[in-house]
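What follows is one structure encoded as structure tokens, with my remarks underneath.
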Amino acid sequence: MGKRLWMRKGNEMAAKEDFRQRLTNGFARHLEEHADLPWARAGAAVRPFNPASGVKFKGGNVMSLMLAQLERGSADPRWMTLKQANKAGYSVRKGAKAAYVEYWDWGVPGLHLSPAGAQDAEDDETEAQARARTKPRVFYAAVFNGEDIVGLPDVAPVAFRPHELAEKLIAATGAEIEYATVSRLAGKTVKNAVHYSRRTDRIVIPPKDSFKSADDFYATVLRELALWTGHPSRLNRPAEKSAGEGLRTEIAARLLISTLGLKGTAIADADHQFPAVWLDEFKGDKHALFRAARDAEQIVEHLFGYAPELLDTVEASLAANVLPEGGGKRRIDIGVSDDLPNFVPPGAKPVEKAPPTGRADPRWPGFEQAIYETARKAGFEAKAVDPVFDMIEGNFTQIMDGMKSRGTDEDTVYKMIGAKIIDEMTQADVYRKRLDEFADKVRAGAAGVVEPESVELALQETGVRYQQTLVDGVNNRWDNAQLVQALDAVLYGPGVAADAVVFDGAFARKLVEGSAAAQSLADLDDDDDVLMPLGMSAVLPEDAGVIDDERIARPGL
């Protein structure tokens, strides 16, 4: 078995439920209490995706995140890790709780982590063949909802007309659909019936004006189309009246509805089985929900196969929410002020939003060489200075022209800028070492007392606030005493002197309690029947419903 997070219960150590069991139990409880699936009354209009990695979640991960989103009452379909949020320049709201997603490793060279022996595979073996001969190992990531990411821009509005796309998808399938208020079903005349028959391969559904909303109408047609794909001439699934088929159909319908940006709820088929029968699928098999989710993804892929251009339209809309490569607009954390235009003499007209043409300036090569030489003499590697060039590039010409108007020669300007940069980098390096020493002391004091995963998350958050304080200090021209006081407040708390701190388990617990990400782990108590799915688990059995998340197609890339 792999690494698990354990919790103390009296004098015993008890493992919590694993990720799949936790999610299965959550769905089972909802079925028992409400006789329907969690999204029957409300649902996300866009399926979950990660704006940092550009990945749309699939299979069981969609189930996990949709359930978590409903529990939070959130309309935001975006989920990202703490590290991704921090890298992009954002932070996690204090008190936010993480949800979890699965990732797998097949041991295939080039795919995640390759175990010993994987390199012995045939050189001409395809990825699909390599996966077929191996079993995946599963590991997990904690992700936070977009509404809990402070500073994350609003979700870009859907850039297509959901009803129009739904109409086109329905037409593209060529399915035989009868829109009738009154129809014959099992020898009886019924009103407003929703039905699909494999024997006749025909869908019967009331006209659009019979529904409470157009969204409900399209949601219902999509649900029947999901059933329609089970016909022997298509995906050839088991009989439509089975509990497993009903569950797969409902999940597929929700995926279709959310993918197309609809907000409706599908009206139950006349042969719809009472949802409680799905409990039999879950009992004693924590993989059943994931197998159903995998098959539901196949249904969605089959239907969009009739009109792949529609899926391209949806993907383009999602891609508008993907953050730029390398993160967002966060400023570099080396502690160097980006207000170098202060070298411009008083009265000089500022250039607003100057285009980044500094490297095209004929004076740039001399400037770059001078800064590299200054950095080398100060003991810094070239790569430590490279981010500074990107920061200065947009204002380089303005700085040089301003100093030229004062009669200052180029070499003097290079020395002035170089001295300022190196001085601030040197000071920032001293402060970073203080942070590293702090982290080492916290880890030592927490050993054997506080879960290491929680400690690392708390230290990561502290590091982000510490670096931001460095930047604030430079930008606001704090003196050394002011900056040290502000940095100490980040590390030890307001008004606490560094030499008064005892780095023991109590201090580590206090640090964890102040961390949003760590609290998503630490807040859970012994009465919570949920898993902390951290680290590597055991190998999954065959037919465990494993399916990869998928990158969002980005037009032009």
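Start counting the sequence shown at 760; every next residue gets the next number (this note's numbering).
Ideal Cβ positions, reconstructed from N, Cα and C, are used throughout, including at glycine.
- Distance check between K1136 and each of Q1157, E926, I1181 and Y938 places I1181 closest, using alpha-carbon atoms only.
- The residue among V1249, F1041, G1125 and Y899 with its C-alpha nearest the C-alpha of D1170 is G1125.
- With 16 or more other CB atoms across the displayed protein chains lying within 10 angstroms of its CB, D1308 is buried.
- Burial state of N904 is buried, judged by a 10 Å Cβ sphere holding 16 or more other Cβ atoms.
- A direct Cα-Cα distance of roughly 45 Å separates A1066 from Q1219.
- Annotated three-state conformation of H1061 is helix, per DSSP.
- In this structure the region 920-936 does not touch the region 853-862; the number of beta carbon pairs closer than 8 Å is below three.
- Between Q1227 and the set E1215, L1250 and D1160, the nearest pair of CA atoms involves L1250.
- In the three-state scheme derived from DSSP, where H, G and I count as helix and E and B as strand, S1213 is classed as helix.
- The residues H1046, in chain order, have a CB closer than 6 Å to that of A1303 in the same chain once the five nearest residues on each side in sequence are set aside.
- Counting C-beta atoms within 10 angstroms of its own C-beta, N995 has fewer than 16 neighbours from the protein chains shown and is therefore classed as exposed.
- Assigned with DSSP and collapsed to three states, S850 falls in strand.
- A Cβ-Cβ separation of about 14 Å leaves A925 out of contact with L1014 under the 8 Å criterion.
- Put simply, the region 947-957 does not touch the region 1045-1060. Fewer than three CB pairs are less than 8 Å apart.
- Note that the C-beta distance between V941 and K950 is below 7 Å.
- By the neighbour-count definition (other C-beta atoms within 10 Å, threshold 16), V821 is a buried residue.
- Where R1007 is concerned, the enclosing alpha helix (DSSP H) starts and stops at A1002 to T1018.
- G1023 places its beta carbon less than 7 Å from that of D974.
- One thing to note: E1152 has its Cβ no nearer than 7 Å to the Cβ of R1122.
- Straight-line measurement puts the Cα of G1232 at about 58 Å from the Cα of A985.
- Bounds of the beta strand (DSSP E) holding K947 are K947 to K950.
- The three-state reading of DSSP puts F808 in strand, counting E and B together.
- In the structure shown, E861 falls within a strand segment according to DSSP collapsed to helix, strand and coil.
- Per the coordinates, the alpha-carbon of F1266 lies some 14 Å from the alpha-carbon of D1247.
- Cβ-Cβ separation between V1208 and G1264: approximately 3 Å, consistent with a contact (criterion under 8 Å).
- For W838, DSSP records a beta bridge to N904.
- Between V902 and M839, the C-beta spacing is below 7 Å.
- In this structure, the alpha-carbon of D1168 lies about 10 Å from that of D1160.
- Between D835 and E906, the C-beta spacing is below 7 Å.
- With a threshold of 16 other beta carbon atoms within 10 Å, T1185 falls short and is exposed.
- One thing to note: I1010 has its Cβ within 7 Å of the Cβ of A1052.
- Secondary structure at V917: coil, using DSSP grouped into helix, strand and coil.
- In this chain, the beta strand (DSSP E) harbouring E937 covers I936 to Y938.
- In this structure A1079 touches A915 by the C-beta definition: roughly 4 Å separates them, less than 8 Å.
- For H954, there is no enclosing alpha helix (DSSP H); the enclosing beta strand (DSSP E) has its first and last residue at H954 to S956.
- Beta-bridge pairing by DSSP links E1309 to K815.
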